[in-house]
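Have a look at the structure below before the remarks.
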Amino acid sequence: MPPPSRATIHRILRTAGLVAPEPRKRPKSSLHRFEAAVPNETWQADITHWPLENGAAADILDFLDDHSRYLLHLQAYRPCTGADVVEAMNALIKRYGAPASTLTDNGMVFTSRFASRPGARNGFETLLATHRIQQKNGSPGHPQTQGKIERFHQTLKRWLVRRPLAPDLPALQAQLDEFRHWYNHDRPHRATGRRTPATAYAALPKAVPESTPEQGYRTRTDRIDANGKVSIRYAGQLRHLGIGRAHRGAPVLLLIHDDRVTTTHSGTGKIIAEHRIDPTRDYQPKLRPD
């Protein structure tokens, strides 16, 4: 007679209590599900990819409210850069208010914690610190932490695969805009009691930032230009710091501590100027001596 399979033997022995289960993977029952209690408590963000008709691939950046599953942002890029993420986050804060926290993976557009020279914040991290938004990142190789937005990508791609491939980026964006309206306003969601995400998002008061982010330090060297200014990138945007024409051409060292910038002469170490960055302005005047 042919012998039974290994799975059959294991099932019989396990039923008889003769073997101790030693699964290679954690059982699903060991996973702890979490959900934000109110809208804007946590926004999840990620980047996925979708092909175009000509064979090129587009990046799709999405932001999803953890509590309501409301799709806040869905935009196609080629490629999606850190500056694009900062611009999208700025627009979302102006429209919906700042969330209490964000949850992303460890991509370089979201965090510089695994950069070759860690320590300095990237544009997205600086923007979060400016608005006192708590930043949360999943562990490397553990996409279950961002499970809601990973599962959302399945829904998005099942919808896209039923449509013809877009010939270019604007055509793909038109498809994404159509999907976002359907997903937010027409499709009931099981996780929200069969309500649409838009209804669930509007049903409760919104969370606001409460944390005090850790202070960040970085330095850079530069030379004052002919107009007496020096530039730095802060919260994803270029800012121009007024130093004074009397110091034009001077080599300088900038110590950047959150929104405070101290400029010293590289040769003498003398403090030339101090600034407090106003994120709403491009040109930053010097602080008065007092």
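Take any residue in the sequence shown, note its place counting from 1, add 4, and you have its number in this note's numbering.
We treat Cβ as the ideally placed atom computed from N, Cα and C, and that holds for glycine.
Determine which residues share a DSSP beta bridge with V265 and list them. Start at 1 with the first residue of the sequence shown, and residue 265 comes out as number 261. Beta-bridge pairing links V265 to I260 and H279.
Identify the continuous beta strand (DSSP E) that holds F67 and give its terminal residues. Indexing the sequence shown from 1 puts residue 67 at position 63. Here the beta strand (DSSP E) through F67 covers A61 to D69.
Taking only three categories from DSSP, how would you classify P192? By one-based count along the sequence shown, residue 192 stands at place 188. Correct three-state label for P192: coil.
Which one of D66, H244, A211 and D190 has the shortest CA to CA distance from T203? As a working note, residue 203 is residue 199 in the sequence shown. Distance from the Cα of T203 is smallest, within the candidate group D66, H244, A211 and D190, for D190.
Residues of its chain near G246, where Cβ-Cβ distance is below 7 Å and the 5 sequence neighbours each way are ignored: Here residue 246 refers to the residue found at position 242 when the sequence shown is read from its first residue. G232, K233, Y287, Q288, P289 and K290, listed in sequence order.
At least 3 beta-carbon pairs within less than 8 Å: the segment 50-64 vs the segment 172-189: Touching, yes, given that three or more Cβ pairs across the two stretches are closer than 8 Å.
Hey, which unbroken runs of the beta strand (DSSP E) at 3 residues or more fall wholly within the segment 91-117? Considered as a whole, the segment 91-117 harbours 105-108 as its complete beta strand (DSSP E) runs of no fewer than 3 residues, in chain order.
Who are the near neighbours of R184 in its chain, counting only those whose CB is closer than 7 Å to its CB and skipping five residues on each side? For the purposes of this step, residue 184 is taken as residue 180 along the sequence shown, with counting starting at 1. Closer than 7 Å at the Cβ level, and outside the excluded window around R184, lie L75 and L78.
Where T225 sits in the DSSP three-state scheme: Taking the first residue of the sequence shown as position 1, residue 225 is located at position 221. T225 falls in the strand class under three-state DSSP.
Inspect the beta-carbon positions of L65 and K152 and report whether they are closer than 8 Å. As a first step, residue 65 must be located in the sequence shown, where it is residue number 61. As a first step, residue 152 must be located in the sequence shown, where it is residue number 148. Their beta carbons are not under 8 Å apart, which means L65 does not touch K152 by this criterion.
Check whether the Cβ atoms of G86 and V113 sit closer than 8 Å, and answer yes or no. As a first step, residue 86 must be located in the sequence shown, where it is residue number 82. As a first step, residue 113 must be located in the sequence shown, where it is residue number 109. Cβ distance < 8 Å, so G86 and V113 count as in contact.
Using a Cβ-Cβ cutoff of less than 8 Å, which residues in the same chain neighbour H193 once the five nearest sequence positions on both sides are dropped? Counting from one through the sequence shown, the residue named residue 193 turns up at place 189. Annotation for H193: R73, R199, T200, P201 and A204 place their beta carbon closer than 8 Å to its own, counting only its chain and skipping 5 residues before and after.
Which residue from L131, A104 and R99 puts its Cα closest to that of D88? Indexing the sequence shown from 1 puts residue 88 at position 84. For D88, the nearest C-alpha among the options comes from L131.
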